[in-house]
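Engineer: Can you keep this structure in mind? I'll have questions shortly.
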Amino acid sequence: MAIIGGMGATVENESPNAIAITGGNEPRRRDFNAGEAGLSLRMFAPILALFDREVALTGKGSLLARPIGMIEGPLRALGARVRTENGFPPVTLQGPLRGGRAEVDGSVSSQFLSGLLLATPLCENDTTLIVNGLKSAPYVRMTLEILRNFALGLDCDNELTRFDIPGRQSYRPLRYRVEGDWSGAAFLLVAGAVAGRAAVRDLNPSSLQADRRILE
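Numbering-wise, my numbering comes out as the position in the sequence shown, counting from 1, plus 46.
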């Protein structure tokens, strides 16, 4: 939420279980911190590269020792300026991303690819992403489902190796229900299966989350 707020969005608590987010077009600061969350570092890098001003994205603790160099080539190919500390955080970014064609290494994590898929519909030009060695495909399919829910269009093959994303799109505001986390619930479900009955609520039995397979 701190990163979203720093990007210019307004975040308000509607109720104990609901928040309202209103987007902004100008970042309120130049320095962003992902803490120890690798997801935030990899996913927000392409999104922050949409802005035409220089920003820095860093983290703390063990995150500073995790390689991030795989984001440099694709972001440069799509029009952004990007600099890391010899392939490690912090990352300095300046956009705007303009679209184009880029190759993405999906063998380390799908999180950066998800960030690109979220960012590139807003680019001035169309984008083609060629993905090599993708792991964690279920999480990419979750990203595609979110894009469809927000009325964004793209084409991809069944193997998720090529994505063609039209530019100049807009996110459609809506009320969105965030699914429960199957990964976090898995331990409780196993405990129930071993020791007795356990009730876990707010999980989607049709979810695309990979850990839903624990039911099988």
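From the three backbone atoms N, C-alpha and C, an ideal C-beta is built for every residue, glycine too. As the structure is a prediction and not an experimental result, all values here were calculated from the model.
By Cβ distance, which residues of its chain are closer than 8 Å to Ala232, with the 5 residues on each side in sequence left out?
Structural biologist: The residues are Asp257, Ile260.
Engineer: List the DSSP bridge partners of Ala102.
Structural biologist: Answer is Asp77, Thr138.
Engineer: Of the choices Ala245, Asn195, Leu163, whose alpha-carbon is the least far from that of Tyr222?
Structural biologist: Comparing Cα-Cα distances from Tyr222 to each of Ala245, Asn195, Leu163, the minimum goes to Asn195.
Engineer: Would you mind listing the alpha helix (DSSP H) stretches within the region 105 to 178 that are 4+ residues and don't spill past its ends, in chain order?
Structural biologist: Here the runs fully enclosed are 118 to 123, 157 to 165.
Engineer: On the criterion of 16 or more Cβ atoms from any shown chain inside 10 Å, does Arg76 qualify as buried, or is it exposed?
Structural biologist: Exposed, by the Cβ-count rule.
Engineer: Taking the alpha-carbon positions, what's the Ile67 to Ala55 distance?
Structural biologist: Going by the C-alpha atoms only, they are around 7 Å apart.
Engineer: Is the beta carbon of Ile211 sitting closer than 7 Å to the one on Pro167?
Structural biologist: Yes; because the gap between Cβ atoms is below 7 Å, this pair is in contact.
Engineer: According to the neighbour-count rule (16 or more other Cβ atoms, all chains shown, within 10 Å of its Cβ), is Ile176 buried or exposed?
Structural biologist: Exposed, by the Cβ-count rule.
Engineer: Any contact of the region 235 to 247 with the region 79 to 95, i.e. 3+ C-beta pairs under 8 Å?
Structural biologist: The answer is no - the region 79 to 95 does not touch the region 235 to 247, with fewer than three Cβ pairs under 8 Å.
Engineer: Quick one: what's got a C-beta closer than 8 Å to Phe134's C-beta in the same chain, skipping five residues either side?
Structural biologist: Counting only Cβ-Cβ distances below 8 Å, and skipping sequence neighbours, we find Leu110, Ala111, Arg112, Pro113, Ile114, Gly115.
Engineer: List the residues that DSSP assigns as beta-bridge partners of Thr207.
Structural biologist: According to DSSP, which records beta bridges pairwise, Thr207 is partnered with nothing at all.
Engineer: Using CA coordinates, which residue listed in Asn171, Pro120, Leu164, Asp248 is at the minimum distance from Glu149?
Structural biologist: Nearest C-alpha to Glu149: Pro120.
Engineer: Using the beta-carbon count (16 or more within 10 Å), is Ser61 buried or exposed?
Structural biologist: When all chains shown are included, Ser61 counts as exposed.
Engineer: If contacts are defined as beta-carbon pairs under 8 Å, then Leu162 and Leu139 qualify, I think. What distance do you get, rounded to the angstrom?
Structural biologist: Incorrect: roughly 13 Å between the Cβ atoms, too far for contact.
Engineer: Buried or exposed, going by whether 16 or more other CB atoms sit within 10 Å of the CB of Ser160?
Structural biologist: Classification of Ser160: buried, given that the 10 Å Cβ count is 16 or more.
Engineer: From the DSSP secondary-structure annotation, give me the bridge partner or partners of Ile260.
Structural biologist: Beta-bridge pairing links Ile260 to no other residue.
Engineer: Of all the options Ser216, Glu205, Leu164, which has the alpha carbon lying nearest to the alpha carbon of Lys181?
Structural biologist: For the residues Ser216, Glu205, Leu164, the minimum Cα distance to Lys181 belongs to Glu205.
Engineer: Based on Cα-Cα distance, which residue from Asn59, Leu94, Gln157, Gly51 lies nearest to Ala83?
Structural biologist: Of Asn59, Leu94, Gln157, Gly51, the residue nearest in Cα terms is Gln157.
Engineer: Report back the beta-carbon spacing between Ser252 and Trp228 to the nearest angstrom; my notes put them in contact at under 8 Å.
Structural biologist: Not confirmed; about 11 Å, so no contact.
Engineer: Using the Cα positions of Glu191 and Ala48, report the straight-line distance between them to the nearest angstrom.
Structural biologist: Their Cα atoms are separated by approximately 25 Å.
Engineer: For Leu94, does the count of other Cβ atoms within 10 angstroms reach 16, so buried, or fall short, so exposed?
Structural biologist: That one is buried.
Engineer: According to DSSP, what are the bridge partners of Ser61?
Structural biologist: Partner(s): Ala64.
Engineer: Per DSSP, which residues does Thr56 bridge with? Please list them.
Structural biologist: The partner list for Thr56 (beta bridge, DSSP) reads Thr68.
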